[in-house]
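Structure, as structure tokens:
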Amino acid sequence: MTDANALQKYLGFAHSTDADEREEAARELKAFLRNSNAADAMVELLGDGDWRVRRATVESFLEMRPHEVTPKILNALYDEDNAGKRNAAIDILVKLGKEVVPYLEPHLNTENSDVHMFLINILSDLRDDTFLDFITRSLQHSDVNIVSAAILALGKIGHPESLSHLLPFLDGKDMWLTFQAIEAAGEMQDPATIPSLISLSSIQYFRKPVIKALSKFHHSQAYSALTKFLIHNSKVDLDALRALHELYHSPAPSELMAEQQKTLREDFRKTITPEYLQFLLGAIPESESSQQNILIQVLGWACSPLVTPAITEALKNEQLQETAAQSLAYCDSASSDALIHALDEQIPEEEMLIILNILNETSIEVPSATLQKYLQHPEAEIRLAAYRLMTRSYTLESTDLLMHGIIDPYSSITEICREPLLSLCRRSKTVRQEVNEFMRGRVHSEDPKERANAVEFLILLEGEQSFPLLFQALKDEEAIVRQKAVNLMGTGYHHQFQRPLIAALADEDGRVRELAAGALKSYSAPEVIDALVASVHDELIWVRMATYQSLAALGDERAGTVFLQQVDTENPIARSVLLRGLGQFRGPAFKEVLLKYLNSDDPEIRKSACESLGMFNENDIVFRLFTLLQNDPDWSVRVSAIRALTNIHPFRLQEALLERLRVDDDPFVRREILYSLQKLGTDYVPSEIYEYLVSKNLADPTYDFLNSAKARFAKQIQEASRSQPPAIRQILKRILN
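Residue numbers for the sequence shown follow the working numbering, so the first one is 50 and each next one is one higher.
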């Protein structure tokens, strides 16, 4: 079918009585939007009676982003008889972003009050100050709805010059406009409005919106006011409680968020009174679980001995344990007596572990006598928590405890004791001799884990002097000891290790073979390659995977041939490893295999193929990777495509990534794009990026990106900050300074 015939077909569908045909027209006419008739038909479909047709039309406009049709979409705002069309048009204009702003100017002098209000709302949602005078003049309009929209718009846009226009509406004289001004003040977040908001809170009608507005201010006055609002009419004000909680957890880059949270806790501590604390404590039993969690957290900010018994008691409630633990950590020294007293009592193991973990988050010193029984506890996690506490401030007197920690069967305890004991050995020859004798005795222990841990520590302590013990451990009858020996040999190249590691590929224990295969990546001798090639036929998949990884790292040509032979018959998990390894080799056969597996139904396989194709800089590969980036349904594959393309760095990659940043809603994909743009560099800072600074998932990568870009784009960032919400302006100011 020719384009002309297709156009006529879908124009006919646009006027069909069949909703399915109209929906099809809405999806297909997007290809003809440069045609005036098609554009007119699409605008009419915005007002279709069927919501599916309206949705399809909106999606088509947003996909094509046709600038030349924007005036027609704006004209749809004048259709007073079709609210659906108006709403759809507004939706499109807002989602198209600031690129529509220049098209608004011809309509600013309209006498249609509805359109006047729509324009204000669009500028408000876009937070654009281009036509700020138009909005400011609208404050004098005779239509109260337009005035109301203008007040809220000034708050959302948040321009500092708008403060003087907003403050008069906070006088409380007109209740409706004052209500709008309170919301606008919360959006603007200018500290100068806080006194007016606090004053209005005395009027019951305004109390709730004032609390909501103050919950957006990261400012000491707001923190203190919300704390004082916690008790109202002799009861806990749940709105104020939730506002403090939401403010505390409002998204921001980690560095800034930690500072804000610390300041909020400090201001809360200064403002809260013992009487208020008693009210909050009394509310815990009668509250539902979610409110109890908030109460427990907020009480922890007080760092008061008044609250620690109740919070400690909350540790017994499974639904409150995590929050109570964090609150006690906030309390730090204020909770020391209650926590240490609890450890001295007979308490359940679960509660015991929680308290030990809390103490590890504080600066509280726990007496050795209290810790002693926990260092020998049969439950490994409890011993680990106790050893963490003990190793914070170890002395020469701690030697015996640390030695027993080294031979503990729980590997995490061994690891946490290793550096402190080595440090003591370096400080004292006497301790070194004592430890040496102790460990050499344990080398012959009946417990295989003790033997393994003792050999490991002696290697770290004495180096090559203890190699005979290492080779002896390779012959131990227990696999766990042999595993430890091979693992130690895998930490780096040593000429004495090559032959034992090759021999270990034939060990009866699969884990020993796996560790040996992985360790041999540091050895490139022909006999090593031969041994690894033979190992690709091992019955255990984990051994084969370690073998593939080592062969890929060595890059020997024989490995490439083996990989091609194995890839189609391998288990999917091991096939992923093989495909990653193929990126080390060049040639049509390798490229063909990798391109083939881009079509796999398994996203892990597609990811692996992507990673290897990132080593090739060829046009057909770049095209396939771009296709995956745009169309693959799995976010992790799209992330892999971004990484591969970043490695290749084809022409116009930055532009493509910026486009994907706009249209891909997945936070992990957006995060990867930001990392790539930071690595590649960019010619400008996209306007869409600033809002990510207050996104839970994107705040940190966006902060890092702008930090790296400020040297080149400080002026652009400064100019952009003027049209950003106050919370974002604050972060940008921090970046620029």
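Note that CB positions come from ideal geometry on N, CA and C, so glycine has one too.
For residue i, report the span of its alpha helix (DSSP H) as first-last.
i, result
"V150", "V150 to L153"
"I403", "E398 to N409"
"I333", "I333 -> no alpha helix (DSSP H), and no H or E assigned at all."
"K478", "K478 to R491"
"G630", "P621 to L631"
"V611", "E606 to Q615"
"Q189", "Neither: Q189 is in no alpha helix (DSSP H) and is coded neither H nor E."
"L451", "T448 to I455"
"Q779", "P775 to L785"
"A583", "P575 to S584"
"V164", "S162 to L175"
"E430", "A429 to M439"
"I529", "A528 to M538"
"S599", "I590 to L603"
"E77", "A68 to E77"
CA-CA distance, residue i and residue j?
i, j, result
"V611", "T676", "30 Å"
"E117", "A80", "14 Å"
"D715", "A105", "21 Å"
"D449", "I529", "25 Å"
"L589", "L293", "55 Å"
"Y572", "T596", "13 Å"
"I697", "E557", "43 Å"
"H8", "G133", "This structure cannot speak to residue 8, because the chain is shown only from 50 to 786."
"M488", "V504", "8 Å"
"S382", "Q310", "19 Å"
"L816", "L249", "An answer regarding residue 816 cannot be provided, because it is not within the stretch 50 to 786 covered by the chain."
"Y752", "S460", "37 Å"
"L451", "I462", "9 Å"
"I578", "I722", "39 Å"
"K524", "R548", "14 Å"
"Q727", "L420", "48 Å"
"P774", "R176", "7 Å"
"E660", "D651", "15 Å"
"I407", "F506", "30 Å"
"D286", "L203", "30 Å"
"L674", "L569", "33 Å"
"I333", "E315", "23 Å"
"Q779", "K764", "16 Å"
"V671", "F665", "9 Å"
Excluding five sequence neighbours on each side, which residues of the same chain lie with their C-beta closer than 7 Å to the C-beta of residue i?
i, result
"K759", "I766, I784 and L785"
"T372", "N342, I345 and Q346"
"N161", "Y127"
"S657", "S625, L628 and R629"
"G567", "G539, A595, Q598 and S599"
"S353", "L326 and A383"
"R114", "L145"
"R256", "S250"
"S725", "I691, T695 and L706"
For residue i, I'd like the list of residues in its chain whose CB is within less than 6 Å of its CB, leaving aside the five on either flank, ordered along the chain.
i, result
"Y443", "P469"
"F687", "One point to set straight first is that residue 687 is Arg, not Phe, in the sequence displayed. The residues are L678, D681 and V718."
"F634", "G609"
"G454", "Y436, I462 and C466"
"V150", "D177 and T179"
"H267", "Q309"
Beta carbon of residue i: closer than 7 Å to some heavy atom of the ligand GDP?
i, result
"E77", "Ligands in the displayed structure: none, and consequently the ligand GDP is not present."
Starting from the C-beta of residue i, find all residues in its chain whose C-beta is less than 8 Å away, skip the five residues before and the five after it, and write them out in chain order.
i, result
"H208", "D178, L181, R771 and S772"
"L219", "T227, A230, I231, A234, T242, S245, L246 and L249"
"L201", "S173, Q229, E232, A233 and E236"
"A198", "M166, I169, N170, S173 and S187"
"P497", "D525, E527, I529 and V530"
"L519", "V504, I508, A534, L537 and M538"
"P735", "L707, L710 and R711"
Check whether chain C comes within 8 Å of residue i, counting only Cβ atoms and requiring the distance to be less than that.
i, result
"D316", "Among the chains of the structure shown, chain C does not appear; only one protein chain is present."
Which ranges would you report for the alpha helix (DSSP H) in the segment 212–296 if only whole runs of at least 4 residues count?
-> As far as the segment 212–296 is concerned, its whole alpha helix (DSSP H) runs of at least 4 residues are 212–215, 224–237, 243–249, 253–263 and 269–277.
Any alpha helix (DSSP H) of 4 or more consecutive residues that is wholly inside the segment 108–134 = You should have 119–124.
Enumerated in chain order, which unbroken segments of the beta strand (DSSP E) with a length of 3 residues or greater are wholly contained in the segment 716–756?
-> Listed in chain order, there is nothing to give.
Whole runs of the alpha helix (DSSP H) within the segment 643–699, excluding any shorter than 4 residues | As summarised for the segment 643–699, the continuous alpha helix (DSSP H) elements at least 4 residues long and confined to that stretch are 652–662, 668–680 and 684–697, given in chain order.
Those runs of the alpha helix (DSSP H) which lie wholly inside the segment 314–379 and span at least 4 residues | Complete alpha helix (DSSP H) runs here, min 4: 323–332, 338–350 and 357–363.
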